[in-house]
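Q: The structure is given below, and queries will be raised subsequently.
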Amino acid sequence: MAFPIAYLLDMLVFTGIFGIMALSLNLEFGHTGLPNFGKVAFFMIGAYTSALITLAGYPFILGITGAMAVSAFFGAIVSLPAIRLREDYLAILTLAFGEILRLILKNEEWIAGGVLGLKGIPEALTTTSFKSALYGHLIVVYIFVVTFYIFLRFLEKSPYGRLLKAIREDELAAQSLGKNTVWYKAQALAIGSAIAGSSGGLYAQYLSYIGPDLFMPVITFAVWAMVIIGGVGNHKGVLVGALIYQIFERGSRIFKDYLQIPIDPNNMMFMIFGLLLIIVLMFRPEGLIKEEKIKLL
Amino acid sequence: MLEIVDIHKEFDGLKVLNGVSLEVKKGHVVGLIGPNGSGKTTLFNVIAGVYKPTGGKILLDGEPVHGLKPDQLYRKGLVRTFQIPRPFRNLTVLDNLLLASRNQRGEKFARVFNFTKWKMQERELVEKAEKTLELINLIHLQDEYAGNLSGGQLKLLELGRALMSDPKILLLDEPAGGVNPTLAMKLFAKIDELAHLKNLTFFIIEHRMETLLNYSDYMFVLYKGRVIVEGKPQEVMEDEKVIEVYLGEL
Amino acid sequence: MPFETNLLQILFNSLISGSLYVLVGLGLTMTYSLTKFPNFAHAEFITLGAYIVYAMTDILNLGLISGIIVSMLITGFVGVACFLMVFRPLANRKGTMVHLMISSIGVGIFLRYAIQQIWGGQELHFSKVHFAGYNLGPLRVTSLWIGIILTAVILVIILHLILTQTKLGKAMRATSNNPSLAQASGIDIDKIIMIVWFLGAALAGLGGFFKAADTRIVPVLGWGILLPAFAVIILGGIGSFYGMIAAAYILGLAENFSIIGLISLGISTDYRTAIGFVVIIITLIFAPTGLSGINFSKWFKRRRPHEGEVME
């Protein structure tokens, strides 16, 4: 039966797309200490930008580049007020930013179809069969995952990454050692947003449909859960976190088909997931895979 | 070198500094002493750009620097340590020191991927950091996370970071607090040596004035937000007002 | 359109929204300042309150008043349980503010899906309770709306009296100003914090019932009010009771009056929910301490700019 394979491939594609989101949050929060609770906003900006570009007939690569550029631009804009704020205020502010953006896209039909969203978004690779299309998506998505992973590892293993971690550890001390921390935090948000934007672009071309209701704050929380459970500060860890999240989400759907239990599997999975998040925070706050000690030379 | 003219600082109407004026000369080790609550750390925070003064001027080499942020002051050669150490806990001791060095190529995003260049510089900096670590007796802990150090070791780390940054003037907030007395003496001897050999300037807060007696060129006594006595250490020690202030505390 | 001209109705509607925000905002601002983190699970306390009233009235056939009382008790206990089982142990394990925030999201997810498991995901309505409507001249009122406003007003008066006149109120204020000092002066701050969590969750549940009775009961009920509630407590100044009340009615007025502007500009009235978000952003950027941080007497004196300003 071909179905389980397709199911697995679909799950891996989602893991990749959200894994990229988790990587970007890991740069922002895991390394720089910026609690961005508006992750979904940059995901959404990327998805819409890339969809609009490709729907206008331009190639996918241009769509993704545009998605990254526009997301980075918005990341920089949001960083202006946000990075001077205390972490809880920054979290609430970025959350509010995401909600405003969603409201605008929902109500302004002229931008991108309003409530109805955008349909028929071209895929990155044109393929003939359903199955080869899935493999195509898998390849495209994982090219991005691997590229960003390598990029972020290089960043982490450089004086630049060391400086970001110093800001996370103690901003005033970093300032006293001459670091313009505000500027670096703005850069981290812009880079993180660009990466999140590319993930949005991949999402749009994979689903071929996007609408405002796909970008609820729950996506932000899911990405946070991936980072916390997988391992804050560890890029491998957050990718594992993304996989665990998908297993939870998919697992509940599989259970629904095969198991007869008095409790709805979907509800049960999310209840367990909420508990898992709490348990990890309580008993293993560093996550499944701990941050490594980095040696630059 | 560092001139402080009539500095005032108020918090919500509470006057902490009441017109402090003093001068730190180049190549000198200058002590700032005074009982608890006299405003020593607040004065440091004002000089180092953590707080903006309510009034007054601060001149570094004749140039006004009050109101500048800590990172701007660092670039002008003024580096400080904290009374309660502020290490980067989840970075190694070595990385803590390396972070303090100036003009690192690899800290610019655009140059991160030009590894050959920054790695060359990094190698030189590691050598320098290892020398500094030997100086402050922390070389055996270089790969340890800073968060695992003891209180005294953290004080040394603070000093090491400040030394790594090639400053013109160092503001040290109780550098010997919690450090064992033998090592403290060694440290002050080293500070004295650096000041006179390398022409570095030190401005040091100390709670116990005896510590600084042999190693400082000049001393200011702060009391209730004002400088009440200044002079050579020996003179200051024997000043009636100073004795009164310290006895008053007891 | 009569809608546009009926200022009295808009004013009345503003009072309703403001009163709801008072109920929901109280617990949020108090727990934020006492336990030092924004509790996102507050949204689920709101939702839970509505569902329990539904269970009492529609399933168990209890009267409305007893249904509300049972609901407030249960929601209050859930609030205390969350504090005792999750937030306090986590804070004791040196969990950071971000950890506490995320854990509250975990608690929220757990509660939301538990609610969905018990009552299902589809929308529900109170079928056994009905609220009479009257026309007072141009004004349309229902007993529910009057109930909301009266409840908030009575609550504010009672809390004001408790805070200013009783030993408990004194202890609450002391604990919120300086917990360690309060503890040193013999106040049982653990007890105070638990009372605040109980009261905050119970009132959130009450607010949830009112909101649901006015609209419908859905699992995301609380989430819809949470961000405006954050706007209210940030505008009021975190931990400020009176600031929060003022901000609640200011936001109520702004949201309802914005409808006139939005309609006349031909823009979707959906945007009125954005007002809360804009309030959050503007307050955080320009006056992070909110209304309570503004020294109003200063405006009557000659202004001395930037004095005593602390950069860090």
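Protein chains in written order, with our numbering: chain A, 1 to 297; chain B, 1 to 250; chain C, 1 to 312.
All C-beta atoms in this analysis are idealised placements derived from N, C-alpha and C, irrespective of residue type, glycine included.
Determine, using beta-carbon pairs with one atom in the segment 68-78 of chain A and one in the segment 38-52 of chain A, whether at least three such pairs fall under 8 Å.
A: Yes: at least three Cβ pairs fall under 8 Å.
Q: Going along chain A in order, which residues have a C-beta closer than 9 Å to the C-beta of residue 216(B)?
A: As a first step, residue 216(B) is located in the second sequence; it is residue number 216 there, counting from the start. Simply none; closest approach about 23 Å.
Q: Taking only three categories from DSSP, how would you classify residue 14(C)?
A: The residue you call residue 14(C) lines up with position 14 of the third sequence. Correct three-state label for residue 14(C): helix.
Q: Please determine, among 264(C), 188(C), 145(C) and 272(C), the residue with the shortest C-alpha to C-alpha distance to residue 314(C).
A: This structure does not reach residue 314(C), given that chain C is present from 1 up to 312, and the question cannot be answered.
Q: Would you mind reading off the limits of the alpha helix (DSSP H) that contains residue 158(B)?
A: To locate residue 158(B), count along the second sequence from 1; it is residue 158. First-last of the alpha helix (DSSP H) with residue 158(B): 151-164.
Q: Could you tell me whether the Cβ of residue 37(C) comes closer than 8 Å to any Cβ of chain A?
A: As a working note, residue 37(C) is residue 37 in the third sequence. Yes - at least one Cβ of chain A is within 8 Å of the one on residue 37(C).
Q: Which residues of chain A have a Cβ atom closer than 7 Å to the Cβ of residue 274(C), listed in chain order?
A: Stepping through the third sequence from its first residue, residue 274(C) is reached at position 274. The answer, in chain order, is 100 and 103.
Q: Under 8 Å between C-beta atoms, does residue 114(C) make it to chain A?
A: Locating residue 114(C) in the third sequence gives position 114, counting from the first residue. It does: the Cβ of residue 114(C) has a partner Cβ on chain A nearer than 8 Å.
Q: Do residue 243(C) and residue 207(C) have their C-beta atoms within less than 8 Å of each other?
A: Working through the third sequence from its first residue, we reach residue 243(C) at position 243. Working through the third sequence from its first residue, we reach residue 207(C) at position 207. Against a cut-off of 8 Å, the Cβ pair of residue 207(C) and residue 243(C) comes out as no contact.
Q: Near residue 201(C), which residues of its chain fall below 7 Å by C-beta distance, leaving aside the five closest residues on each side in sequence?
A: Taking the first residue of the third sequence as position 1, residue 201(C) is located at position 201. Closer than 7 Å at Cβ, skipping near neighbours: 27, 45, 75, 76, 78 and 79.
Q: Extract the residue ranges of the alpha helix (DSSP H) inside the segment 128-199 of chain C, only unbroken runs of 4 or more that lie entirely within it.
A: 143-165, 167-177 and 179-184, all fully within the segment 128-199 of chain C.
Q: Tell me, please, whether the segment 19-36 of chain A touches the segment 250-266 of chain A by the rule of three or more beta-carbon pairs shorter than 8 Å.
A: Touching, no.
Q: Name the two residues that bound the continuous alpha helix (DSSP H) containing residue 279(C).
A: Within the third sequence, numbered from 1, the residue matching residue 279(C) stands at position 279. Where residue 279(C) is concerned, the enclosing alpha helix (DSSP H) stretches over 272-286.
Q: So residue 87(A) contacts chain C; which residues on that side make the cut at Cβ distance below 7 Å?
A: Sequence index remark: in the first sequence, residue 87(A) carries index 87 (1-based). Chain C residues near residue 87(A): 97 and 98.
Q: In terms of alpha-carbon separation, which member of 238(A), 237(A) and 228(A) lies closest to residue 277(A)?
A: In the first sequence, counting from the first residue as 1, residue 277(A) sits at position 277. Residue 277(A) has its Cα closest to that of 228(A), out of 238(A), 237(A) and 228(A).
Q: Taking Cβ positions only, does residue 281(A) come closer than 8 Å to chain C?
A: On the first sequence, residue 281(A) is found 281 positions in, with the first residue counted as 1. Taking Cβ atoms only, chain C reaches closer than 8 Å to residue 281(A), which makes this a yes.
Q: Answer with yes or no whether the minimum CB distance from residue 77(C) to chain A is below 8 Å.
A: Position 77 of the third sequence, counted from the start, is the residue given in the question as residue 77(C). No, its Cβ sits nowhere closer than 8 Å to a Cβ of chain A.
Q: Taking buried to mean at least 16 other C-beta atoms within 10 Å of its own C-beta, is residue 303(C) buried or exposed?
A: Taking the third sequence and counting its residues from 1, one reaches residue 303(C) at position 303. At residue 303(C) the pLDDT is 38, less than 50, meaning the model places this residue with poor confidence; the figure from the coordinates comes in the next sentence. Answer is exposed; the Cβ neighbour count stays below 16.
Q: Measure the C-alpha to C-alpha separation of residue 72(C) and residue 198(C) and round it to an integer number of angstroms.
A: Your numbering for residue 72(C) matches position 72 in the third sequence. Your numbering for residue 198(C) matches position 198 in the third sequence. Cα to Cα, residue 72(C) sits roughly 9 Å from residue 198(C).
Q: Near residue 53(A), which residues of its chain fall below 8 Å by C-beta distance, leaving aside the five closest residues on each side in sequence?
A: One-based indexing of the first sequence puts residue 53(A) at position 53. Counting only Cβ-Cβ distances below 8 Å, and skipping sequence neighbours, we find 62, 63, 66 and 67.
Q: Of all the CB atoms in chain C, is at least one closer than 8 Å to the CB of residue 174(A)?
A: On the first sequence, position 174 is the one that residue 174(A) refers to. It does not; no Cβ of chain C falls within 8 Å.
Q: Of all the options 15(A), 139(A) and 5(A), which has the alpha carbon lying nearest to the alpha carbon of residue 236(A)?
A: Reading the first sequence from its first residue, position 236 is the one you call residue 236(A). The residue with the shortest Cα to Cα distance from residue 236(A) is 15(A).
Q: Tell me, please, which residues DSSP counts as bridged to residue 18(B).
A: For the purposes of this step, residue 18(B) is taken as residue 18 along the second sequence, with counting starting at 1. In the DSSP output, where bridge partners are listed per residue, residue 18(B) has 8(B).
Q: Given a threshold of 16 other Cβ atoms within 10 Å of its Cβ, counted over all protein chains shown, does residue 140(B) qualify as buried or as exposed?
A: The residue you call residue 140(B) lines up with position 140 of the second sequence. Classification of residue 140(B): exposed, given that the 10 Å Cβ count is below 16.
Q: Given a threshold of 16 other Cβ atoms within 10 Å of its Cβ, counted over all protein chains shown, does residue 196(B) qualify as buried or as exposed?
A: Your numbering for residue 196(B) matches position 196 in the second sequence. Flag for residue 196(B) reads exposed.
Q: Exposed or buried, which one is residue 252(B) when buried takes at least 16 other CB atoms within 10 Å?
A: Absent from the structure is residue 252(B), since the part of chain B shown begins at 1 and ends at 250.
Q: Give me the Cα-Cα distance between residue 243(A) and residue 251(A), rounded to the nearest whole angstrom.
A: Here residue 243(A) is taken as the residue at index 243 of the first sequence, counted from 1. Here residue 251(A) is taken as the residue at index 251 of the first sequence, counted from 1. If you take the alpha carbons of residue 243(A) and residue 251(A), they lie about 12 Å apart.
Q: Check the C-beta distance from residue 184(B) over to residue 211(B) and give it rounded, since I have them as a contact under 8 Å.
A: Looking up residue 184(B) in the second sequence gives position 184. Looking up residue 211(B) in the second sequence gives position 211. With a Cβ gap of about 7 Å, residue 184(B) and residue 211(B) count as contacting.
Q: Mapping the DSSP letters down to three states, classify residue 34(B) as helix, strand or coil.
A: Counting from one through the second sequence, the residue named residue 34(B) turns up at place 34. Coil, per DSSP.
Q: In angstroms, rounded to a whole number, what distance separates the CA positions of residue 182(B) and residue 27(B)?
A: Position 182 of the second sequence, counting from 1, holds the residue named residue 182(B). Position 27 of the second sequence, counting from 1, holds the residue named residue 27(B). Taking the straight line joining both Cα atoms gives about 25 Å.
Q: Take residue 79(A) and list the residues in its own chain whose beta-carbon comes closer than 6 Å to its own, dropping the five residues that flank it on each side.
A: Locating residue 79(A) in the first sequence gives position 79, counting from the first residue. Cβ neighbours of residue 79(A) beyond the five flanking positions: 186 and 189.
Q: Using 8 Å for Cβ pairs, my map puts residue 39(B) next to residue 17(B). What's the rounded Cβ distance?
A: Indexing the second sequence from 1 puts residue 39(B) at position 39. Indexing the second sequence from 1 puts residue 17(B) at position 17. Residue 39(B) to residue 17(B), Cβ: 5 Å. Contact.
Q: Have a look at residue 97(C) and residue 203(C) and give me their C-alpha separation to the nearest angstrom.
A: Taking the first residue of the third sequence as 1, we reach residue 97(C) at position 97. Taking the first residue of the third sequence as 1, we reach residue 203(C) at position 203. If you take the alpha carbons of residue 97(C) and residue 203(C), they lie about 24 Å apart.
Q: From the DSSP output, in three-state form, read off residue 34(A) for me.
A: What you label residue 34(A) is simply residue 34 of the first sequence in a count that begins at 1. Of the three classes helix, strand and coil, the one that applies to residue 34(A) here is coil, per DSSP.
Q: Thinking C-alpha only, which one of 284(A), 165(A), 124(A) and 161(A) is nearest residue 208(A)?
A: Your numbering for residue 208(A) matches position 208 in the first sequence. Selected option, being the one with the closest Cα: 124(A).
Q: Any idea which residues DSSP pairs residue 105(C) with across the strands?
A: The count along the third sequence starts at 1 and reaches residue 105(C) at position 105. Paired residues: none, contrary to the question.
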